[in-house]
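Right, one structure below, let's go through it.
Residue numbers (my numbering), protein chains in the order written: chain A, 74 to 479; chain B, 74 to 479.
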């Protein structure tokens, strides 16, 4: 077994090939690049049982990851997050076979730890010593953290409205952090100017090929944890869409290896009604999404008016007979509260958007209620204290609780 | 294989036996009760390889846990947290073989999820429908969360100075939450009055026997993850001390089963110099700890002036040729920052207290620097935003980062 079966990088738009052995960014045509593996050799050299006997982290999938050797792995023990049933809450919305993959249980408390672990490992292996990125908060926190672990410099630029804890994470791990009075696109342009001026290596969403490889491990884990099969429907909160693209890529790779059957999960892209460019493009039958004006939502992580991977998201949704739906901030917060109280799972608002979408899709009849539906909770609720109002009574030391019974 | 080999409860002070089949609190003598297992039958019916083939959660140790059947398990996928090396930071303090078990990667972001998962599962199995507890924050958050999952009522009382996010966790999961203008002992007396009045089942630290059983899984995991052996030294931030007592109990159980060798890890109890009753008792050679006056520390989770399990903590420390040390708040915050920047691991202040202790023990010569030292980070740094000051520059959308290089 080779540690990695990475063979080359490929443009999904014009098919051009690129050398994976040196740092690459995007294709000459502007499209993101996708990592390709020698799946034929992999199928001959590796079995799924060997994968399952690996460590309890995303690194068990190392043959399908781009890092060439164990000693190049930069890790905080990330991966193999649990899939947890939500039967009681699911029953209340007419989807009793609802489950969640809880990505809050990763280093830095969000799914961004996956892309950062693999992306930083590969960047370091390719000789990169300083990375720069725009972020809505959690990606910056994750990349700053893994950069610190690798001994790399990091420049992070995030909107002033990004979750406050993510600032602290960047600062405590030693990143150079800037806020911008704007949105993630504005942060991106500031980073591009810094890259041009000071030679940082840019690692913005899909502007380098390896973050996606980390994110796709969600797809590997879903399949393996369900017994090497996929659920009927996978529901994903979509900003830049790397996770959705990654899960779909993972499913296709597992199918090509013969490790899962031919069934595809219907992929659902969920956006907030205050920032829904992918949903609009899906409804219009367009291949690309126009930038969204005046974007705003409580689910800040998906407040992405324009996504470079738009055509890949739309392709994943359509190829799997999925859909794209928008949900209101009110619905997001209501489902977040209902699921925490009913199931003890404290979603982040982006994750809770998937719950609102499931309710909506059941009401519209797109789901008939018999399906096994897996939603991704992309971050820990504890990173978003503002989603909950707590005003408990304050007692003196000789005070008493109210006798309300229980 | 039986699902659980639980046999009875035993008082470690007077040896009395109690029926484990009905709800129990403490011994008539006031001591905590310890769960005992039929280890002879277990050794004949279960192998460590069978354990290792189990699910990637603390429930793989089910034969050594008190829950009698799989369907009684209340779970959010907790356990098997990673052990991560800290070689760079360790080298700077003269202990290059330093590793951390990162308990921040559990549901609710702290090690308290272990005790809550097992405690709530067992409570529900025994017919308990409403639990009440005092807490310094994280235990309340965890028990409220698992109670919600089980459909149980929860009454939580915490000091007004407990971490604010833990209030939100209690409220969002539907617990009845009260704050007290005092310390955890004051919260405890309020809970006792509520229990007497309204019949809540009290689940304060070591006042019921099963939280400890959840906590001991840290010890099982440490041994299994290191290849069924123990490290030279285990360093634990000690408030109520349940984790330290639990790890020691786990080591003894594994030894009795013959699953690990006879070596004991030296157990180190770390406290804050602003609240160090166990350290004072250790230094005086006492078997019990006098309550600490005017307790205060930035590591709020270990701000416990008086612990019911004091004699068990002191016994574990002495029986393993360990020690108890106090560290200053300044040292805690300095090590927290140094380790985040150097290793990308963002400790909670209680966890960082163990780093300060390791430095101190190396400087004093108690550690010679050759030892494999495992510290417990008992919670995610992201639950403690106040340990980090972040005041990043705010740019306009056409602003630029400073060209400082990297």
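A virtual CB, placed ideally from N, CA and C, is assigned to each residue, including glycine.
DSSP-derived helix/strand/coil call for residue i
i                      : result
residue 355 of chain B : helix
residue 174 of chain A : strand
residue 102 of chain B : coil
residue 416 of chain B : helix
residue 512 of chain A : Residue 512 of chain A is absent from the structure shown; chain A starts at 74 and stops at 479.
residue 362 of chain B : coil
residue 450 of chain B : strand
residue 307 of chain B : strand
residue 457 of chain A : coil
residue 468 of chain B : strand
residue 250 of chain A : strand
residue 183 of chain A : strand
residue 302 of chain A : coil
residue 288 of chain B : helix
residue 333 of chain B : coil
residue 381 of chain A : coil
residue 265 of chain A : helix
residue 439 of chain B : coil
residue 462 of chain A : coil
residue 424 of chain A : helix
residue 328 of chain B : helix
residue 167 of chain A : coil
residue 258 of chain A : helix
Contact check, residue i vs residue j, beta carbons under 8 Å
i                      : j                      : result
residue 128 of chain A : residue 75 of chain A  : no
residue 306 of chain B : residue 446 of chain B : yes
residue 187 of chain B : residue 322 of chain B : no
residue 196 of chain A : residue 230 of chain A : no
residue 473 of chain B : residue 176 of chain B : no
residue 338 of chain B : residue 303 of chain B : yes
residue 455 of chain A : residue 242 of chain B : yes
residue 453 of chain A : residue 402 of chain A : no
residue 235 of chain B : residue 419 of chain B : no
residue 413 of chain B : residue 240 of chain A : no
residue 313 of chain B : residue 279 of chain B : yes
residue 131 of chain A : residue 115 of chain A : no
residue 124 of chain A : residue 110 of chain A : no
residue 171 of chain A : residue 182 of chain A : no
residue 352 of chain B : residue 199 of chain B : no
residue 354 of chain A : residue 383 of chain A : yes
residue 189 of chain B : residue 215 of chain B : yes
Own chain partners of residue i with C-beta closer than 7 Å, once the 5 adjacent residues on each side are dropped
i                      : result
residue 430 of chain A : 308, 341, 343, 398, 400
residue 91 of chain B  : 81, 82, 97, 106
residue 194 of chain A : 140, 145, 146, 147
residue 143 of chain B : 76
residue 328 of chain A : 335
residue 166 of chain A : 431, 432, 435
Paired residues, beta bridge with residue i - DSSP
i                      : result
residue 210 of chain B : In the DSSP output, where bridge partners are listed per residue, residue 210 of chain B has none listed.
residue 491 of chain A : Limits of chain A in this structure are 74 at one end and 479 at the other, which puts residue 491 of chain A out of reach.
residue 396 of chain A : A/341
residue 109 of chain B : B/81
residue 204 of chain B : B/227, B/274
residue 91 of chain A  : A/82
residue 141 of chain B : None, per the DSSP bridge assignment.
residue 156 of chain B : B/174
Among the options, the one whose alpha carbon lies nearest that of residue i
i                      : options                    : result
residue 89 of chain B  : B/108, B/121, B/77, B/460  : B/108
residue 377 of chain B : B/422, B/276, B/479, B/311 : B/311
residue 201 of chain A : A/80, A/183, A/227         : A/227
residue 208 of chain B : B/457, B/276, B/473, B/385 : B/276
residue 448 of chain A : A/160, A/265, A/300, A/350 : A/160
residue 156 of chain B : B/167, B/166, B/170, B/174 : B/174
residue 332 of chain B : B/347, B/383, B/293        : B/293
residue 460 of chain A : A/411, A/326, A/394        : A/411
residue 385 of chain B : B/113, B/362, B/457, B/221 : B/362
Contacting residues, own chain, Cβ-Cβ under 8 Å from residue i (five flanking each side not counted)
i                      : result
residue 244 of chain A : 250
residue 272 of chain B : 203
residue 356 of chain A : 397
6 Å CB neighbourhood of residue i in its chain, flanking five on each side removed
i                      : result
residue 425 of chain A : 405, 408, 409
residue 444 of chain B : 305, 306
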